[in-house]
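Everything on this sheet refers to the single structure shown next.
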Amino acid sequence: MGRPRSFSTEDVVDAAIEQFRSSSFSATSTDQLCDCTGLSRSSLYNAFRSKSEIFAAALSRYDETQTADRAHHLDDDDTGREILERLLRETIAIQFRTDDHRTCMVLAASVELGRSDEQIAELARHNLAAFADTITRIIERGQCDGTLRSDLAAGDLARMLHAMLNGLQIVGRVSEDDVAIQATIDTALQLLRPTTDQR
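Quick note, in full-length UniProt numbering, the sequence shown goes up one by one and the last residue is 199.
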């Protein structure tokens with residue numbers, strides 16, 4: 001009977017998430033993964049067969065935690081507009097709290113591996129679709145409570161905001177501050193105000 005593992009796979013994957021987000025898949029070396037996880041090469045590759053498998057496990061866990069965190073916004077009792085604004089601004093604020101302005105791991109993985117690794121592409125599609133669905137449900141609430149415009153379909157507005165937010169995170173990666181990004185969010189929220197004949 002083999003000796004049981006003396007480490008938590010979940011902790012290892014969490015450490016790998018931070019390493020991959022700080023660098024990228026291709027720029028992360030095995031030595032860096034060993035350093036951040038505290039595992040030897042043999043232990044690392046006994047638990048995961050390859051760097052690609054570690055990355056897939058990290059992206060899958062990131063997807064699960066992000067999807068759950070975003071869904072919690074729907075538990076709030078605030079208006080749809082208030083929840084939407086908080087979601088948009090918090091997404092950018094979280095990015096700017098890191099020294100390297102690291103962007104969403106799913107976005108980075110989509111750009112780097114989305115056309116060459118179908119497993120990664122499928123995980124990314126799942127995460128992106130779940131985020132768009134959360135935004136749609138928030139907008140639907142705002143349309144029902146009268147705080148967001150209802151002359152356009154919630155799903156269409158959500159796709160627009162989702163694309164905008166993804167782009168803003170890429171811009172944020174190379175920006176010194178978030179002033180222009182927050183101004184863009186201001187404009188988007190203005191465009192989502194109920195039209196005159198809806199008030």
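Ideal Cβ positions, reconstructed from N, Cα and C, are used throughout, including at glycine. Bear in mind that the values here come from a model prediction, so they are computed numbers and not experimental data.
Leaving out the 5 sequence neighbours to the left and right, which residues in its chain are closer than 8 Å to Glu85 when beta-carbon positions are compared? Around Glu85, the same chain offers Ile185, Leu189 as residues with beta carbons nearer than 8 Å, after the five sequence neighbours per side are excluded.
Can you list, in chain order, the residues of its chain with a C-beta nearer than 6 Å to that of Met1? Leave out the 5 residues immediately preceding and following it. With a pLDDT of 39 at Met1, under the threshold of 50, the modelled position of this residue cannot be trusted; read the value that follows with caution. Within the same chain, Met1 has no close Cβ partners at all.
Since Val13 contacts Leu39 with CB under 8 Å, what's their CB separation in whole angstroms? With 8 Å as the limit, Val13 and Leu39 do not qualify as a contact, their Cβ atoms being about 12 Å apart.
Arg3: buried (16+ other C-beta within 10 angstroms of its C-beta) or exposed? For Arg3, the predicted model reports a pLDDT of 38, less than 50, meaning its position is unreliable; a value from the coordinates is still stated below. When all chains shown are included, Arg3 counts as exposed.
Give a yes or no on contact between the segment 49-57 and the segment 74-92, applying the rule of three or more CB pairs nearer than 8 Å. With the cut-off at 8 Å, the segment 49-57 and the segment 74-92 do not touch.
Ile54: which of Ala183, Leu33, Arg173, Ile135 sits nearest, CA to CA? For the residues Ala183, Leu33, Arg173, Ile135, the minimum Cα distance to Ile54 belongs to Leu33.
Looking at the structure shown, is Cys34 part of a helix, part of a strand, or coil, going by DSSP? Cys34 carries a helical assignment under DSSP once its states are collapsed to helix, strand and coil.
Out of Val171, Asp156, Arg141, Val174, state which residue places its alpha-carbon closest to the alpha-carbon of Asp77. Relative to Asp77, the option among Val171, Asp156, Arg141, Val174 whose CA is nearest is Arg141.
Whole runs of the alpha helix (DSSP H) within the UniProt domain "HTH tetR-type" (6-66), excluding any shorter than 4 residues: Those alpha helix (DSSP H) runs which fall completely within the UniProt domain "HTH tetR-type" (6-66) and span 4+ residues are 9-22, 30-37, 41-47.
Taking the alpha helix (DSSP H) that Glu82 belongs to, which residues open and close that run? That run of the alpha helix (DSSP H) goes 80-96.
CB of Phe7 within 9 Å of CB of Ser29, strictly: For Phe7 and Ser29, no; Cβs fall outside 9 Å.
From this set, Val174, His101, Asn166, Thr65, which residue's C-alpha is nearest Ser22's C-alpha? The shortest Cα separation from Ser22 among Val174, His101, Asn166, Thr65 belongs to His101.
Give every residue of the same chain whose Cβ lies closer than 7 Å to the Cβ of His126, excluding the five residues on either side of it in the sequence, and list them in chain order. Taken in chain order, the residues that qualify are Asp63.
Is any beta-carbon of chain D found at less than 9 Å from that of Val174? In the structure shown, chain D cannot be found, because there is only a single protein chain.
Could you round the C-beta distance between Thr195 and Asp151 to whole angstroms and report it? I think they count as a contact, below 8 Å. Correct: roughly 6 Å between the Cβ atoms.
For Arg70, does the count of other Cβ atoms within 10 angstroms reach 16, so buried, or fall short, so exposed? Looking at its Cβ environment, which holds 16 or more other Cβ atoms inside 10 Å, Arg70 is buried.
Suppose the cutoff is 8 Å on Cβ atoms and the five residues either side in sequence are ignored; what does the same chain contact list for Gly114 look like? Excluding sequence positions up to five before and after Gly114, its CB lies within less than 8 Å of the CB of Ile120, Ala121, Ala124, all in the same chain and listed in chain order.
Short check: CB of Thr79 to CB of Asp145, under 9 Å? In this structure, Asp145 lies closer than 9 Å to Thr79 by Cβ.
What residue range does the alpha helix (DSSP H) around Thr134 cover? Unbroken alpha helix (DSSP H) run through Thr134: 118-145.
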